[in-house]
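Peer 1:
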Amino acid sequence: MSFVRDQELNAKGAGSLWEEGGIRRLYQGVQLAIIQAPLSRLGDTAANAGVLVLMDFYFPEAPLPLKTAAASTAAAMWRIALTPIDTLKTTYQVRGEGGLDLLLGRVRRNGPGELYAGAIANFAGNWVGNYPYFVVFNALDSAWTAPSDPMMRIVRTGVMGMCSSITSDTVSNSFRVLKTIRQSSEEAEGYLEAAQRVIQRDGLTGLLGRGLETRLLVNVLQGTFFTIIWKLVEEKLNS
1 MSFVRDQELN
11 AKGAGSLWEE
21 GGIRRLYQGV
31 QLAIIQAPLS
41 RLGDTAANAG
51 VLVLMDFYFP
61 EAPLPLKTAA
71 ASTAAAMWRI
81 ALTPIDTLKT
91 TYQVRGEGGL
101 DLLLGRVRRN
111 GPGELYAGAI
121 ANFAGNWVGN
131 YPYFVVFNAL
141 DSAWTAPSDP
151 MMRIVRTGVM
161 GMCSSITSDT
171 VSNSFRVLKT
181 IRQSSEEAEG
191 YLEAAQRVIQ
201 RDGLTGLLGR
211 GLETRLLVNV
221 LQGTFFTIIW
231 KLVEEKLNS
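Under full-length UniProt numbering, the residue at position 194 of the sequence shown is numbered 194, and the numbers go up by one with no gaps.
#1: How would you write the range of the alpha helix (DSSP H) that Leu-82 sits in, first residue to last?
#2: Going by DSSP in three states, Asp-56 sits in which element: helix, strand or coil?
#3: Quick one: what does DSSP say Pro-150 is sitting in, helix, strand or coil?
#4: Which same chain residues end up closer than 6 Å to Thr-224 when comparing Cβ atoms and leaving out the 5 residues on each side of it in sequence?
#5: Within 10 angstroms of its Cβ, does Gly-129 collect 16 or more other Cβ (buried), or is it exposed?
#6: If distances are taken between C-alpha atoms only, which option among Thr-91, Ser-148, Asp-169 and Ala-146 comes closest to Ala-124?
#7: Give the straight-line distance between the Cα atoms of Gly-206 and Ala-195, rounded to the nearest whole angstrom.
#8: What does the alpha-carbon distance come out to for the pair Glu-19 and Gly-96?
#9: Does the contact criterion of 3 or more C-beta pairs under 8 Å hold for the stretch 51 to 61 versus the stretch 109 to 122?
#10: Between the Cα of Ala-76 and the Cα atoms of Ile-34, Val-107, Val-94 and Pro-132, which residue gives the shortest distance?
#11: What are the start and end residues of the alpha helix (DSSP H) that includes Trp-127?
#12: If you count every other CB in all the chains shown that lies within 10 Å of the CB of Trp-127, and 16 or more means buried, which is it?
#13: With C-beta atoms as the reference, is Gln-36 less than 8 Å away from Asp-86?
#14: Please say whether Leu-102 and Thr-91 have beta carbons closer to each other than 8 Å?
#15: From which residue to which residue does the alpha helix (DSSP H) around Gly-223 run?
#16: Alpha carbons only, please: which of Arg-79, Ser-142, Gly-190 and Thr-214 is nearest the one belonging to Pro-38?
#17: Under the three-state reduction of DSSP, which class applies to Glu-20: helix, strand or coil?
#18: Does the beta-carbon of Trp-230 have 16 or more other beta-carbons within 10 angstroms, so that it is buried, or is it exposed?
#19: When the Cα atoms are used, what is the spatial distance from Lys-89 to Leu-52?
#20: At the level of alpha carbons, what is the spacing between Leu-140 and Arg-106?
#21: Using only CA atoms, which one of Ala-146, Ser-165, Val-155 and Val-218 lies nearest to Val-135?
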């Protein structure tokens, strides 16, 4: 999914990865992704639920968008804490087995701050992605009354998660592109330089849409599944 650094078309990117090492190359960094993905989703969802409860208690008159902004800030801060895992995962995905050596080389030259490469774009991307995600999710949750039938409740939750994921990924994709470039560069590269290089090569659509098809496919499935599981657990705890 993170082969957005040098390729725009997913089919071409997948073919290049296959030539580099077959199925093993396609799954490079999967161990770190297995750790990061549930931690990220758990933090996002817990931040949304927890901050909304606190805001309802201390600031009951605050509008829903303001409450959601506070929750998004908390979730983005959690993603900052996970940045070293994300940096190593992304470097493995883009650079293959040489990713660890590349990252360690940057750490030796520039210090441990390289483990947090892309942290600014990570924070911005997650805030910009998290905010519309939960604006859509909370709005649908408020407007769409939960049906009494358990199966229809699952369908409702899945549709809410799908719509929220599509909105989130579309809005925040440019930040993800810059984060990936920053994390996987052989030398430290600024965000402005990275953005200019992408735009010169592929135009503004390259910055806004590079890798978006794959991201939507993966995150819609992941977000829908996680949202259903989370809501089922939440209903069980509430009952």
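All residues carry an ideal CB built from backbone N, CA and C; glycine is no exception. All figures in this text were calculated on a predicted structure; none of them were measured in a lab.
Peer 2: Well, looking at it:
#1: To locate residue 82, count along the sequence shown from 1; it is residue 82. That residue, Leu-82, is in no alpha helix (DSSP H); it is neither H nor E in DSSP.
#2: Sequence index remark: in the sequence shown, residue 56 carries index 56 (1-based). Asp-56: helix per DSSP, three-state reduction.
#3: Residue numbering aside, residue 150 sits at position 150 when the sequence shown is read from its first letter. Three-state DSSP puts Pro-150 in a helix.
#4: Position 224 of the sequence shown, counted from the first residue, corresponds to residue 224. Counting only Cβ-Cβ distances below 6 Å, and skipping sequence neighbours, we find Gly-158, Gly-161 and Met-162.
#5: Counted from its first residue, the sequence shown places residue 129 at position 129. Its Cβ being crowded by 16 or more others within 10 Å, Gly-129 is buried.
#6: Numbered from its first residue, the sequence shown carries residue 124 at position 124. It is Asp-169.
#7: Here residue 206 is taken as the residue at index 206 of the sequence shown, counted from 1. Here residue 195 is taken as the residue at index 195 of the sequence shown, counted from 1. Taking the straight line joining both Cα atoms gives about 10 Å.
#8: Here residue 19 refers to the residue found at position 19 of the sequence shown. Here residue 96 refers to the residue found at position 96 of the sequence shown. Each residue's alpha carbon lies about 12 Å from the other.
#9: no
#10: Position 76 of the sequence shown, counted from the first residue, corresponds to residue 76. Ranking Ile-34, Val-107, Val-94 and Pro-132 by Cα distance to Ala-76 puts Pro-132 first.
#11: Along the sequence shown, read from residue 1 onward, the residue named residue 127 stands at position 127. Residues 119 to 143.
#12: Within the sequence shown, residue 127 is the residue found at index 127, counting from 1. Answer is buried; the Cβ neighbour count reaches 16.
#13: Here residue 36 refers to the residue found at position 36 of the sequence shown. Here residue 86 refers to the residue found at position 86 of the sequence shown. Cβ atoms of Gln-36 and Asp-86: closer than 8 Å.
#14: Reading the sequence shown from its first residue, position 91 is the one you call residue 91. Reading the sequence shown from its first residue, position 102 is the one you call residue 102. Against a cut-off of 8 Å, the Cβ pair of Leu-102 and Thr-91 comes out as a contact.
#15: Your numbering for residue 223 matches position 223 in the sequence shown. Run containing Gly-223: 212 to 238, per the alpha helix (DSSP H) assignment.
#16: In the sequence shown, residue 38 corresponds to position 38, counting from 1. Ranking the options by Cα distance to Pro-38, first place goes to Arg-79.
#17: Locating residue 20 in the sequence shown gives position 20, counting from the first residue. Glu-20: helix per DSSP, three-state reduction.
#18: Within the sequence shown, numbered from 1, the residue matching residue 230 stands at position 230. Trp-230 should be labelled buried.
#19: Looking up residue 89 in the sequence shown gives position 89. Looking up residue 52 in the sequence shown gives position 52. If you take the alpha carbons of Lys-89 and Leu-52, they lie about 31 Å apart.
#20: On the sequence shown, residue 140 is found 140 positions in, with the first residue counted as 1. On the sequence shown, residue 106 is found 106 positions in, with the first residue counted as 1. So the two alpha carbons sit approximately 45 Å from each other.
#21: Position 135 of the sequence shown, counted from the start, is the residue given in the question as residue 135. Nearest C-alpha to Val-135: Ser-165.
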